[in-house]
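Student: From first to last, the protein sequence lines are chains A and B. For the first sequence, the working numbering gives the first residue as 2, with consecutive numbering after it. For the second sequence, the working numbering gives the first residue as 2, with consecutive numbering after it.
Number of protein chains: 2
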Amino acid sequence: MQELNIVKIGGNILDNPLRLKSFLLDFAALPGLKLLVHGGGKIASAIGQKLGITPVMVEGRRVTDAETLELVTMVYGGLVNKQVVAQLQAQGCNAIGLTGADANSIPATKRPVRAVDYGFAGDVAGPESINVNVLEALLQQGLTPVFAPLTHDQQGTMLNTNADTIASVLATALATKYQVKLVYSFEKRGVLQDANDNNSVIPAIDKEKYRQLKEEKVVSAGMIPKLDNAFAALEQGVSAVVIGDAAEISAILSEGKAGTLITL
Amino acid sequence: MQELNIVKIGGNILDNPLRLKSFLLDFAALPGLKLLVHGGGKIASAIGQKLGITPVMVEGRRVTDAETLELVTMVYGGLVNKQVVAQLQAQGCNAIGLTGADANSIPATKRPVRAVDYGFAGDVAGPESINVNVLEALLQQGLTPVFAPLTHDQQGTMLNTNADTIASVLATALATKYQVKLVYSFEKRGVLQDANDNNSVIPAIDKEKYRQLKEEKVVSAGMIPKLDNAFAALEQGVSAVVIGDAAEISAILSEGKAGTLITL
């Protein structure tokens with residue numbers, strides 16, 4: 002099986018043009034097949050504010066009303082995605098920007114209204130709903146897919162979808178065709194033994210170690226869903242998951258010398 | 002050679018949700034290989050106004066300063082493009098939204114400053130600069146490319162490019178691989194004998210007829226560049242060019258019963 006590296010970058014890089022440029026330079030230089038998933042960043046809120054759209058967050062998630070859906074469709078799917086694609090192209094990486102609507106790559110459904118109405122938030126049923134063949138065709142053409150955190154409902158409406166979810170569902174789906182390594186980039190250098198010391202990276206965590214770390218309360222509440230996601234991806238066939246700093250992407254992927262490697 | 006239909010739609014449809022929906026229904030139902038190019042529409046100006054960006058037009062073309070470039074990148078490449086893609090997907094047409102940066106499909110150069118500085122306006126050198134192989138690969142995957150009127154300079158910057166130009170350069174480039182029919186859609190039913198009578202469509206114009214029409218001042222100043230472009234495309238290998246109303250796209254393409262057919 003061919004190797005495929007999937008990297009998810011978040012707002013902390015997207016909001017900083019110099020860090021973004023430096024990351025894209027490193028990412029473009031990575032050998033082999035690769036795929037990038039980007040989040041949103043503060044730019045959507047900043048543009049939304051100018052347009053008179055006030056962000057509503059419930060439990061850390063943006064509530065996507067009709068106006069906000071237009072906002073994120075244009076900012077994530079247009080501004081951020083195309084700037085990332087253009088910069089990768091400038092580095093000789095043949096990037097192609099996608100949302101889940103493009104080539105019907107990630108069909109989703111509007112999240113059912115329960116305690117909270119998240120509006121136009123898209124849930125992906127699972128890796129089996131991903132259109133793997135079209136992604137394989139793009140990769141075999143030498144293209145590097147760059148995903149914005151958007152999906153669609155197959156009925157004409159775009160949906161706002163969490164970038165971590167998109168990265169993990171793509172990784173799991175593509176694990177049927179490739180040996181997939183998934184990197185969640187993050188504002189710290191990895192999972193830290195001491196939250197205040199960015200040099201206290203735990204190099205590797207398996208299930209037993211994770212159980213210990215939770216017992217000792219070393220991993221924070223914010224890190225637990227990331228780690229749970231990572232283990233879920235591994236259980237569904239992803240070869241390796243690394244949590245680390247995007248600034249160290251080459252060390253993480255080419256040398257295995259940075260970040261926290263999650264294994265079963 | 003396989004047939005490929007390339008359709009360009011402009012602002013008059015994009016600005017009207019019902020007309021757009023109706024057109025996309027018809028377009029999705031067209032048999033065979035196809036490609037859509039869309040313009041911008043008034044939505045960019047409307048959003049720009051809210052953001053405090055005043056459109057500056059010189060000789061009918063938008064001057065693209067840095068702020069306007071961000072605006073059109075998000076509105077054309079994000080909002081308009083993804084809404085069109087999602088609606089086509091809902092009709093079972095496997096659309097994939099692209100700008101010229103994606104897959105380096107349309108490299109361009111920033112227009113040189115002469116009498117007017119158009120800012121971040123992109124000029125395409127010619128059909129030979131189009132990345133035909135990647136478009137062919139997408140079409141052979143059963144995908145329908147949907148182009149926003151944006152290109153890139155291969156140095157990391159997006160560029161604003163006229164949709165008519167994109168449609169004609171793509172048609173010419175793809176004519177090396179396919180039997181290409183190019184439809185310029187338009188707010189009238191075709192080239193009219195009497196500008197005030199939308200039923201006075203001239204069914205066909207060849208070079209000799211065009212010379213006559215110009216002599217008789219039947220064709221307006223606004224129509225001359227469109228017709229010149231059409232003849233240029235035909236001279237470079239495009240099989241047929243039709244100018245007509247997007248509302249009649251099925252009649253134009255499936256039956257050849259609407260619009261003005263331009264031939265050499």
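Built from N, CA and C at the ideal position, the CB exists for glycine as well. Only a predicted model underlies this, so the values are computations on that prediction, with no experimental measurement involved.
Could you work out which residues of chain B lie near K51 (chain A), taking near to mean beta carbons separated by less than 9 Å?
Tutor: By Cβ distance, chain B contributes K51, L52 and G53.
Student: Using 8 Å as the limit for Cβ to Cβ distance, is L80 (chain A) near chain B?
Tutor: Chain B contact via Cβ: present.
Student: Using CA coordinates, which residue listed in B:N134, B:R112 and B:L15 is at the minimum distance from Q88 (chain B)?
Tutor: The shortest C-alpha separation from Q88 (chain B) is found at B:L15.
Student: Which chain B residues are close to V242 (chain A), counting only those with a beta carbon under 8 Å from its beta carbon?
Tutor: Correct list: empty, because the minimum Cβ distance to chain B is about 28 Å.
Student: What residue range is occupied by the uninterrupted beta strand (DSSP E) comprising F121 (chain A)?
Tutor: Per DSSP, F121 (chain A) belongs to no beta strand (DSSP E) and is neither H nor E.
Student: Can you find the residues in the same chain that come closer than 6 Å, C-beta to C-beta, to G238 (chain A), ignoring five residues on each side of it along the sequence?
Tutor: Within the same chain, G238 (chain A) has close Cβ partners A176.
Student: Helix, strand or coil for K9 (chain A) per DSSP?
Tutor: Strand at K9 (chain A).
Student: How big is the Cα-Cα spacing for K182 (chain A) and N6 (chain A)?
Tutor: Cα-Cα distance, rounded: 5 Å.
Student: Is there a C-beta anywhere in chain A that falls below 8 Å from the one on I97 (chain B)?
Tutor: At least one chain A Cβ lies under 8 Å of I97 (chain B).
Student: Can you find a CB in chain B that lies within less than 8 Å of the CB of D103 (chain A)?
Tutor: Yes, because at least one Cβ of chain B sits closer than 8 Å to the Cβ of D103 (chain A).
Student: Could you tell me if M58 (chain B) is buried or exposed, where buried requires 16 or more neighbouring beta carbons within 10 angstroms of its beta carbon?
Tutor: It is exposed - the Cβ of M58 (chain B) has fewer than 16 other Cβ atoms within 10 Å.
Student: Between the alpha carbons of N17 (chain A) and D195 (chain B), how many angstroms are there, rounded?
Tutor: Going by the C-alpha atoms only, they are around 57 Å apart.
Student: At a cut of 8 Å, does the segment 148 to 163 of chain B reach the segment 37 to 54 of chain B through at least three beta carbon pairs?
Tutor: Touching, per the Cβ criterion.
Student: Using the beta-carbon of each residue, which ones in chain B are nearer than 8 Å to T339 (chain A)?
Tutor: Because chain A spans 2 through 265 in this model, residue 339 (chain A) falls outside it and cannot be assessed.
Student: Using Cβ-Cβ distances below 7 Å, what residues of the segment 15 to 40 of chain B are close to chain A?
Tutor: Here the close residues number zero.
Student: Can you look up Y185 (chain A) in the DSSP assignment and give me helix, strand or coil?
Tutor: The answer is strand: DSSP assigns Y185 (chain A) an E or B state.
Student: Assign M58 (chain B) to one of three DSSP states: helix, strand, or coil.
Tutor: Looking at M58 (chain B) - three-state DSSP - the assignment turns out to be strand.
Student: Does DSSP classify K35 (chain B) as helix, strand or coil?
Tutor: K35 (chain B): strand per DSSP, three-state reduction.
Student: For G42 (chain A) and chain B, any beta-carbon pair shorter than 8 Å?
Tutor: False, the Cβ-Cβ gap to chain B never drops below 8 Å.
Student: Any C-beta of chain A within less than 7 Å: which residues of the segment 154 to 183 of chain B qualify?
Tutor: Here the close residues are Q155, Q156, G157, T158 and M159.
Student: Got a sec: is the Cβ-Cβ distance from E129 (chain B) to anything in chain A below 8 Å?
Tutor: With 8 Å as the cut-off, E129 (chain B) does not count as an interface residue toward chain A.
Student: With DSSP collapsed to three states, give me the class of G98 (chain A).
Tutor: Here G98 (chain A) sits in strand by DSSP.
Student: Please confirm whether any heavy atom of the ligand FAD lies closer than 7 Å to the CB of V135 (chain A).
Tutor: Here there are no bound small molecules, and the ligand FAD is not part of this structure.
Student: In whole angstroms, give me the CA-to-CA distance for I244 (chain A) and D165 (chain A).
Tutor: Taking the straight line from one Cα to the other gives about 12 Å.
Student: Under the assumption that G191 (chain A) contacts T264 (chain A) (Cβ atoms under 8 Å), give the Cβ distance between them as a whole number of angstroms.
Tutor: Not confirmed; about 14 Å, so no contact.
Student: Using the Cα positions of L171 (chain B) and K258 (chain B), report the straight-line distance between them to the nearest angstrom.
Tutor: Rounded to whole angstroms, L171 (chain B) to K258 (chain B) spans 25 Å at the Cα level.
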